[in-house]
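Asks: Residue numbers are given in UniProt numbering: position 26 of the sequence shown equals residue 26, and the series is strictly consecutive.
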Amino acid sequence: MVNRRLRGAMLNAEITAARLAQLAEVDVKTVQRWLTEDRMPYPITRHRVARALGHEETYLWPALLADGLGGETEGVGGIWPTRTAISSETWHSLFGQAKRQIDILIYAGAFLIETLDLADVLRFKAGQGAAIRVLVGDPDSAALNARAEELELAWLPERCRTTATYLVRDVGAAAHVRSHGTTLYASQFRFDDTLLINTHVHGVWAAQSPVFRLECNESPVFQFYANTFDRVWALAGPVLRSDSGHRS
C-alpha cells in the first residue's frame, strides 16, 4: 500500500527520498519502504520526518489515530509473566547474540550464575569485543537492606557480596563491575539492541515479577531505561572485596 500522504508531503516540501533519509537518520531504502509499503517508523524517527516535512505525525500516518500506536509502547517485543518463565535456552541465546554491549543491573542476580557459567560467558563475550558493565547491589546500602527486610530475605546482602566477589575474582578485567546503593525498581539486562526489564514491586520477589522485552534502541521506552542504567552507573562505586576488605 502506497503512503500517498507521505509522498505528497515530500513533493510539496521538495524533499527527495535521499534527503529525507539524511534528515531522519535512516537508510534511503527505509524511506522507500515507508512510501511503497506504508511501513510505520519508530516514534523518534516519525518525529524527525514530521518536523522535516512540516506535518503532524497523525497526518502522515493516519493509522496512529486508528490503532493507538502513537503512544510509547512501540519497541516492546513481548512480556513474560515472571522471570522464571524465561528458559535457560533464552538466556543463553541472549548472551550469545550480543556483539557490542552487555549491561546488567541487579541486586544479587544469583540466578545468572546458577543458569549460566556466567564468568565464562562474560570472558568469552569480552574476548569477542563486547563492552560489559555489571551493577551489583551494595550489601551495606540502606536501599538493599530495606528490600531484604521487606521480603524477609536476611541473606540478600550476603548474596550480593558473594556475586560481586565472584565477578571480580572470576571475570576480572573482562567486565567493569560496580556496586550501587540505589533503590532498584527494575533489574535490567541489555544485549546490544535487546533490553529485558524485570520489574520490582513491593513484597514480591523479582523472580516472580513480569519481564518486558524491548527490541529497538530508537524507541523512547528503550532509551528511558538505558538512560536509567547510565545514571545508576554514574552514581555507583567500586566493589568492596570481602576477602581483602579493600576496594577493587
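No residue lacks a Cβ here, since even glycine has one placed at the ideal position from N, Cα and C.
Note that this is a predicted model, so its numbers are computed, not measured.
Among residues of its own chain, excluding the 5 on either side of Arg7, which ones have a beta-carbon nearer than 7 Å to its beta-carbon?
Replies: Same-chain partners within the cutoff: Leu35.
Asks: What's the C-alpha gap between Ala32 and Ala24?
Replies: Before going on, a small fix: residue 32 reads as Gln here, not Ala. Near 13 Å, if we compare the C-alpha coordinates of Ala24 and Gln32.
Asks: Do Leu64 and Leu53 have their beta-carbon atoms positioned less than 8 Å apart in this structure?
Replies: Cβ distance not < 8 Å, so Leu53 and Leu64 don't count as in contact.
Asks: Taking the CB atoms as reference points, tell me whether Tyr185 and Ala119 lie closer together than 8 Å.
Replies: Against a cut-off of 8 Å, the Cβ pair of Ala119 and Tyr185 comes out as no contact.
Asks: May I ask you to list the residues that DSSP assigns as paired with Gln101?
Replies: Ala131.
Asks: Can you tell me the Cα-Cα spacing of Glu14 and Leu20, whole angstroms?
Replies: If I take the Cα positions, the gap works out to 10 Å.
Asks: Among the residues of its own chain, which have a CB less than 6 Å from the CB of Thr84, if the five just before and after it don't count?
Replies: Result list for Thr84: Ala207, in chain order.
Asks: Compute the distance between the beta-carbons of Asp230 and Gly181, then report whether it is under 8 Å.
Replies: Cβ distance not < 8 Å, so Asp230 and Gly181 don't count as in contact.
Asks: Give the straight-line distance between the Cα atoms of Thr194 and Ala146, rounded to the nearest whole angstrom.
Replies: Computed Cα separation, rounded: 30 Å.
Asks: What does the Cβ neighbour count give for Thr163, buried or exposed, with the cut at 16 atoms within 10 Å?
Replies: The residue is buried, with at least 16 neighbouring Cβ atoms inside 10 Å.
Asks: With a threshold of 16 other CB atoms inside 10 Å of the CB of Phe189, please say whether the residue is buried or exposed.
Replies: By the neighbour-count rule (16 or more Cβ atoms within 10 Å), Phe189 is buried.
Asks: Looking at Gly78: is its Cβ nearer than 8 Å to the Cβ of Arg178?
Replies: No, the Cβ-Cβ distance between Gly78 and Arg178 is not below 8 Å.
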